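Chemist:
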Amino acid sequence: MATTQSAPDTTATPVPQIVAHDVQREQRGWVSWLTTTDHKRIGIMYVVASWVFFMVGGVEALLMRLQLAQADNTLISPQTYNALLTLHGTTMVFLFLMPMIAGFANYLVPLMIGARDMAFPRLNALSFWLFIAGGAVFCGSILFSPPECGWTCYAPLSEKAYSPTGGVDAWIFMVHLLGIGSFVGALNIFVTIANMRAPGMGWGRLPLYCWAMLTQSILLIISLPVIAGAVTLLLTDRHFGTHFYDATNGGSPILWQHLFWFFGHPEVYILVLPGFGIISEVLPVFARKPIFGYKAIAAATLGIAFIGSLVWAHHMFSVPMPYFVLVFFTLATYLVAIPTGVKIFNWIFTLWRGTIEFTTPMYFAAGFLGTFLLGGVTGIFVATFPVDWQLHDTYFVVAHFHYTIVGGAVLAFFAGIYYWFPKMTGRMLSERMGKTSFWLILVGFWVTFLIQHSAGLAGMPRRVYEYADVNHLETYNLISTIGSFILAAGVLLTGYNVVRSLKKGAVAGPDPWKANTLEWFTTSPPPVNNFDTVPRVRSVEPMKDIRRQIERQSRTPEQTPAGV
Amino acid sequence: MPRVVRDLLRFPVQRRFLVAASLSLLALAVLALAAGPAVAGPIAPDDSSGSPNAEGIRQLYLIIFALGMIIFFGVGGLLAYTLIRFRAKKGAVPAQIHGSTRMEVTWTVGAALLLVVIAVVTFAKLGQINDPPNSGPDGFPVTKSAASFPATGGAKQRLPPDGKSLSIDVNGQQYIWRYTYEDGDGNNLNNVFSYQQMVVPANTTVTLQIRSQDVAHSWWIPSLGGKFDAIPGSTNYTWFKASRVGTYTGQCAELCGRNHANMTAQVVVLPPAQYATWFARQKAAIRAADLGAAASRAALLREQKALLRGVQASATP
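Protein chains in written order, with my numbering: chain F, 2 to 565; chain H, 6 to 322.
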């Protein structure tokens with residue numbers, strides 16, 4: 002039943018078509034999920050597990066918003082509040098976003114490049130189970146004594162003298178476990194993209210999502226060893242009598258900040274670059290137009306990663322540092338705005354003169370553009386070091402990085418969920434619920450975070466469990482709390498939509514969106530081996546070529562392939 | 006004009022649409038202004054103390070704010086227009102355009118130029134924000150800047166051109182600020198000090214050296230300029246020169262433990278004459294306390310000696 006067997010005429014061009022068959026016996030039962038090395042199953046487990054952590058991190062955020070809804074509130078104790086802010090930040094960054102990215106990449110990268118699995122399937126499974134172990138260790142600390150030092154765990158506050166309980170150790174252990182998992186996963190993705198692309202898929206035809214994942218892998222490989230080293234030093238400080246971060250014995254607390262942010266700032270791009278990649282895939286499909294400036298977007302991705310690795314100390318403008326250091330990091334940070342601006346213009350001009358179909362993924366992609374835009378603009382404010390002296394560590398910064406991370410990563414993931422759910426499950430998500438969910442999330446987000454800029458300018462530092470009602474702070478915070486619950490309702494609606502559509506969604510078929518990339522060249526969901534035959538790739542949009550070819554060849558009836 | 010640019014621009018402009026869009030933007034702006042005072046927040050950092058560094062930061066912020074809003078509404082408006090104007094309609098055909106090097110170079114250079122403008126403005130404002138001026142003629146007469154504590158770390162202190170400033174050592178500790186008024190006599194025990202509330206004279210340049218004795222804290226009084234971290238092992242510096250009398254509040258801005266939210270600070274700016282009175286009273290109180298402590302130490306010593314003599318006497322057979 003191969004595609005072209007019935008055409009003995011050698012002059013006829015083979016007609017590619019969407020066929021794929023199981024060559025292995027399908028594994029069944031829950032044990033098969035524990036032992037699987039199939040990139041699609043691992044990807045789905047990543048996505049589901051990180052969604053669970055997303056819910057946990059969301060509840061932590063809502064508890065904090067409840068506490069802050071009123072001035073001088075006594076709902077939550079300062080100890081619990083500090084634990085909540087630490088849990089929220091760490092959970093969202095390490096246990097929600099990073100694994101969500103890994104899940105999407107696991108599922109999509111081999112399919113998009115026409116490969117049958119990742120380069121190292123067993124290492125892939127190891128990455129996933131290390132993530133689960135790290136998540137369990139960290140969340141387990143909730144039952145005992147969760148860390149209270151913020152997701153940045155600044156020394157000396159995180160040293161034994163000031164944080165004597167095991168919470169910080171649980172945090173360190175989690176960073177190590179997840180770090181190894183992510184590092185191995187990044188190598189895996191890099192090797193897969195570098196070596197396993199379909200015939201004809203040169204670097205100039207690699208989907209932009211894969212460009213983003215390739216670049217993100219490089220960032221992970223560069224920055225993860227640094228945080229691993231930094232937390233190891235903290236561990237030896239805490240338990241083995243060293244003094245790396247102890248100023249009273251010749252160590253340096255500022256060293257921790259440098260090491261942490263040398264990882265921590267690339268981490269921001271580690272979180273948003275995959276989101277950029279998703280947007281670069283979604284926009285051309287629904288504008289029915291090729292991406293505007295493919296090479297510029299790929300180059301901007303690399304540019305953002307390169308410059309993004311050289312700006313870490315802009316998180317430390319208020320630390321005593323020589324003057325030229327401040328100037329260098331301000332100017333370097335300005336430079337990031339250039340490739341980012343290029344991307345935004347290229348995305349807008351991808352839509353320009355298209356015929357935009359407003360499906361739910363397109364809604365989220367549009368929401369991403371507007372939201373991330375404001376995050377980028379406030380980025381210029383905090384990059385300017387004298388201005389940052391006022392804004393640093395206030396709610397202005399909280400608002401800024403939620404605009405970039407929720408705008409740049411989370412909204413892109415919702416676009417991705419609605420876009421690829423049909424491929425992953427064979428069912429469509431409900432568009433009606435999807436659009437309602439979008440509006441709840443978008444409105445909820447803007448209501449929550451726009452006003453936080455003002456709270457910061459009115460003098461409210463971040464990470465405070467209570468505040469006095471001066472300068473209208475109570476009004477701002479109440480507005481913010483109301484917004485956070487609207488946002489939560491939108492997120493829950495998408496969760497419900499997913500659960501419901503698994504059984505009741507319309508059957509998707511292999512290519513419901515008439516999309517551009519190779520993952521739509523197989524059945525939904527794809528079989529274990531992904532593809533029976535991998536077509537030769539002749540452009541950035543192989544599916545468009547294939548559809549065009551089918552259309553052209555099916556006009557001559559005698560060449561219609563048999564067995565369809 | 007290259008063909009692709011012409012291609013991009015060739016579309017029937019709907020005047021009606023543009024008018025409606027600008028009218029609704031205008032209506033939104035009017036609504037925001039009308040409802041503004043009730044709900045809108047501050048749009049720039051505070052500088053109500055009249056300290057030049059806080060004023061400089063506010064002015065710089067407002068320039069960047071204006072440019073930022075132009076970018077946001079310009080690009081956001083383009084996005085909104087694109088989304089509405091090019092939504093799928095019957096019979097519409099998407100233009101198969103792959104890009105335009107010229108346009109991409111244009112907006113790359115445009116973004117770079119804008120950043121150059123922001124950088125130039127920042128550097129132009131930097132002197133006002135960084136360099137302390139001399140005290141005003143009606144300020145408190147200070148003889149010279151005096152440091153009582155050794156400085157550590159890589160940051161450098163900036164002093165006014167005439168070298169005269171009121172020097173205060175700010176020490177962060179869980180969860181309170183301690184201020185030591187430096188007199189440079191080499192004896193730190195007789196210095197005037199206070200906790201939480203700092204009293205300073207108006208129109209006088211005050212230089213702070215900021216240290217911490219336990220974890221990282223951050224010194225921040227919004228009306229008096231930016232925040233400066235207090236980190237063990239490094240001395241940090243800032244300054245202010247408040248021209249308006251009043252009480253300015255702030256709080257620790259770096260998570261320092263469970264009571265971080267209550268590590269507040271107040272700076273009370275007094276007319277120089279009142280400050281002099283306050284300072285003399287504190288000095289006298291500290292001297293009296295020192296003398297009292299010395300007297301009770303001496304009394305205690307006498308008592309112990311007497312006791313010791315008694316013990317020795319009873320131990321003698």
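Quick reminder that beta carbons are idealized off the backbone N, C-alpha and C, glycines included.
Because the structure is a prediction, the values reported are computed rather than measured.
Closer than 8 Å, Cβ to Cβ, to anything on chain H: give me those residues from the stretch 337-354 of chain F, in chain order.
Modeler: So the list reads ALA338, ILE339, GLY342, VAL343, ILE345, PHE346, ASN347, ILE349, PHE350, LEU352, TRP353 and ARG354, given in the order they occur along the chain.
Chemist: Quick check on the burial criterion: 16 or more other C-beta atoms within 10 angstroms. Buried or exposed for TYR497 of chain F?
Modeler: The sequence position of residue 497 of chain F within the first sequence is 496, counting from 1. By the neighbour-count rule (16 or more Cβ atoms within 10 Å), TYR497 of chain F is not buried but exposed.
Chemist: Apart from the five residues just before and just after ASP148 of chain H, which ones in its own chain have a Cβ nearer than 8 Å to its Cβ?
Modeler: The residue you call residue 148 of chain H lines up with position 143 of the second sequence. Sequence check: residue 148 of chain H is Thr here, not Asp. The residues are LYS169.
Chemist: Quick check on the burial criterion: 16 or more other C-beta atoms within 10 angstroms. Buried or exposed for MET113 of chain F?
Modeler: Walking along the first sequence from the start, residue 113 of chain F turns up at place 112. Buried: at least 16 other Cβ atoms inside 10 Å.
Chemist: Grab me the residues of TYR419 of chain F's own chain with a C-beta within less than 6 Å of its C-beta, minus the 5 sequence neighbours each way, in chain order.
Modeler: The sequence position of residue 419 of chain F within the first sequence is 418, counting from 1. These residues qualify, in order along the chain: THR361, PRO362, LEU430 and GLY435.
Chemist: In chain order, which continuous runs of the beta strand (DSSP E) of length 3 or greater are located wholly inside the stretch 202-256 of chain H?
Modeler: The qualifying runs are 202-206, 211-217, 222-224, 233-235, 241-245 and 251-256.
Chemist: Below 8 Å between beta carbons: does that hold for ALA59 of chain H and LEU260 of chain H?
Modeler: Taking the second sequence and counting its residues from 1, the one referred to as residue 59 of chain H is at position 54. Taking the second sequence and counting its residues from 1, the one referred to as residue 260 of chain H is at position 255. No, the pair does not count as a contact, with Cβ atoms beyond the cut-off.
Chemist: On the premise that SER164 of chain F lies in contact with GLY104 of chain F, defined as a C-beta separation below 8 Å, what is that separation, rounded to the nearest angstrom?
Modeler: On the first sequence, residue 104 of chain F is found 103 positions in, with the first residue counted as 1. On the first sequence, residue 164 of chain F is found 163 positions in, with the first residue counted as 1. With 8 Å as the limit, GLY104 of chain F and SER164 of chain F do not qualify as a contact, their Cβ atoms being about 32 Å apart.
Chemist: Who are the neighbours of TRP313 of chain F on chain H, taking C-beta pairs under 7 Å?
Modeler: One-based indexing of the first sequence puts residue 313 of chain F at position 312. Under the 7 Å cutoff, chain H gives no residues; its nearest Cβ is about 16 Å from TRP313 of chain F.
Chemist: For a test of the three-state rule: what should DSSP assign to VAL320 of chain F, helix, strand or coil?
Modeler: Mapped onto the first sequence, residue 320 of chain F falls at position 319. The answer is coil: DSSP assigns VAL320 of chain F none of H, G, I, E or B.
Chemist: With DSSP as the reference, label PRO47 of chain H as helix, strand or coil.
Modeler: One-based indexing of the second sequence puts residue 47 of chain H at position 42. In the structure shown, PRO47 of chain H sits in coil (DSSP, three-state: anything other than H, G, I, E or B).
Chemist: Beta-carbon of PHE77 of chain H versus every beta-carbon of chain F: anything under 8 Å?
Modeler: For the purposes of this step, residue 77 of chain H is taken as residue 72 along the second sequence, with counting starting at 1. PHE77 of chain H counts as touching chain F.
Chemist: Counting C-beta neighbours from all protein chains within 10 Å, is the total for THR75 of chain F 16 or more, i.e. buried, or is it exposed?
Modeler: Translated into the one-based positions of the first sequence, residue 75 of chain F becomes position 74. Its Cβ having fewer than 16 others within 10 Å, THR75 of chain F is exposed.
Chemist: Pick out whichever of F:VAL378, F:TRP440 and F:ILE271 has its Cα sitting closest to the Cα of ALA338 of chain F.
Modeler: Counted from its first residue, the first sequence places residue 338 of chain F at position 337. Considering only alpha carbons, the answer is F:VAL378.
Chemist: So, does the stretch 362-372 of chain F touch the stretch 401-414 of chain F, judging by three or more C-beta pairs under 8 Å?
Modeler: Enough Cβ pairs lie closer than 8 Å, so yes.
Chemist: Thinking ALA248 of chain F and PRO155 of chain H are a contact (beta carbons under 8 Å), I'd like their distance in whole angstroms, please.
Modeler: Taking the first residue of the first sequence as position 1, residue 248 of chain F is located at position 247. Taking the first residue of the second sequence as position 1, residue 155 of chain H is located at position 150. Not a contact, Cβ separation roughly 14 Å.
Chemist: Alpha carbon to alpha carbon, what distance is there between HIS393 of chain F and VAL591 of chain F?
Modeler: For chain F, the structure presents residues 2 to 565; residue 591 of chain F sits outside this window and is missing.
Chemist: Classify TRP182 of chain H as helix, strand or coil using the three-state DSSP reduction.
Modeler: Working through the second sequence from its first residue, we reach residue 182 of chain H at position 177. Correct three-state label for TRP182 of chain H: strand.
Chemist: GLY342 of chain F and ALA288 of chain F - do their beta-carbons sit closer together than 8 Å?
Modeler: The residue given as residue 288 of chain F occupies position 287 in the first sequence. The residue given as residue 342 of chain F occupies position 341 in the first sequence. Not closer than 8 Å, so no.
Chemist: Beta-carbon separation of ALA187 of chain F and PRO275 of chain F under 8 Å?
Modeler: In the first sequence, the residue the question calls residue 187 of chain F occupies position 186. In the first sequence, the residue the question calls residue 275 of chain F occupies position 274. No, the pair does not count as a contact, with Cβ atoms beyond the cut-off.
Chemist: Compute the Euclidean distance between the alpha carbons of PRO423 of chain F and PHE139 of chain F, then round it to the nearest angstrom.
Modeler: Locating residue 423 of chain F in the first sequence gives position 422, where the first residue counts as 1. Locating residue 139 of chain F in the first sequence gives position 138, where the first residue counts as 1. So the two alpha carbons sit approximately 33 Å from each other.
Chemist: Starting from THR216 of chain F and walking both ways along the alpha helix (DSSP H), at which residues does that stretch end?
Modeler: Position 215 of the first sequence, counted from the first residue, corresponds to residue 216 of chain F. Its alpha helix (DSSP H) spans residues 209-240.
Chemist: Alpha carbons only, please: which of F:PHE486, F:ILE487, F:TYR468 and F:SER455 is nearest the one belonging to TYR477 of chain F?
Modeler: Here residue 477 of chain F corresponds to residue number 476 of the first sequence, with the count starting at 1. Here the closest residue by C-alpha is F:SER455.
Chemist: When DSSP labels each residue in this structure, what does SER540 of chain F get in the three-state scheme?
Modeler: Residue 540 of chain F sits at position 539 when you count from the first residue of the first sequence. Three-state DSSP puts SER540 of chain F in coil, outside helix and strand.
Chemist: Excluding five sequence neighbours on each side, which residues of the same chain lie with their C-beta closer than 7 Å to the C-beta of PRO42 of chain H?
Modeler: The residue you call residue 42 of chain H lines up with position 37 of the second sequence. With a pLDDT of only 48 at PRO42 of chain H, under the threshold of 50, the placement of this residue in the model should not be trusted; the figure read from the coordinates follows. Hits under 7 Å: none found.
Chemist: Mind checking if MET544 of chain F is an interface residue toward chain H, Cβ cutoff 8 Å exclusive?
Modeler: Looking up residue 544 of chain F in the first sequence gives position 543. Answer no: the Cβ-Cβ gap between MET544 of chain F and chain H never drops below 8 Å.
Chemist: Does the beta-carbon of ALA285 of chain H have 16 or more other beta-carbons within 10 angstroms, so that it is buried, or is it exposed?
Modeler: Taking the second sequence and counting its residues from 1, one reaches residue 285 of chain H at position 280. Exposed is the call here.
Chemist: Could you please give the first and the last residue of the uninterrupted alpha helix (DSSP H) stretch that includes THR361 of chain F?
Modeler: Position 360 of the first sequence, counted from the first residue, corresponds to residue 361 of chain F. Per DSSP, THR361 of chain F belongs to the alpha helix (DSSP H) from 361-384.
Chemist: So, does the CB of VAL444 of chain F fall closer than 8 Å to a CB anywhere in chain H?
Modeler: Your numbering for residue 444 of chain F matches position 443 in the first sequence. Answer no: the Cβ-Cβ gap between VAL444 of chain F and chain H never drops below 8 Å.
Chemist: Comparing the C-beta of PHE293 of chain F with each C-beta of chain B, is any distance below 8 Å?
Modeler: Among the protein chains of the structure shown, namely F and H, there is no chain B.
Chemist: If PHE414 of chain F and MET101 of chain F are in contact, beta carbons under 8 Å, what's the gap, nearest whole angstrom?
Modeler: Here residue 414 of chain F is taken as the residue at index 413 of the first sequence, counted from 1. Here residue 101 of chain F is taken as the residue at index 100 of the first sequence, counted from 1. At roughly 6 Å, the Cβ-Cβ gap stays under 8 Å, so PHE414 of chain F and MET101 of chain F are in contact.
Chemist: Given LEU311 of chain F, which residues of its chain have a CB within under 8 Å of its CB, disregarding the five upstream and five downstream residues?
Modeler: Position 310 of the first sequence, counted from the first residue, corresponds to residue 311 of chain F. So the list reads ALA333, once near-sequence residues are dropped.
Chemist: Taking C-beta pairs closer than 8 Å, name the residues in chain F that GLU3 of chain H reaches, listed in chain order.
Modeler: It is not possible to answer for residue 3 of chain H, since the shown part of chain H is limited to 6 through 322.
Chemist: Between F:THR437, F:LEU458, F:ILE308 and F:LEU488, which lies nearest to THR449 of chain F when the distance is taken from Cα to Cα?
Modeler: In the first sequence, residue 449 of chain F corresponds to position 448, counting from 1. Among F:THR437, F:LEU458, F:ILE308 and F:LEU488, the Cα nearest to that of THR449 of chain F belongs to F:LEU488.
Chemist: Where does ARG428 of chain F fall in DSSP's three states?
Modeler: As a first step, residue 428 of chain F is located in the first sequence; it is residue number 427 there, counting from the start. Looking at ARG428 of chain F - three-state DSSP - the assignment turns out to be strand.
Chemist: Mind pulling the chain F residues with CB within less than 8 Å of TYR253 of chain H?
Modeler: Taking the second sequence and counting its residues from 1, the one referred to as residue 253 of chain H is at position 248. Simply none; closest approach about 10 Å.
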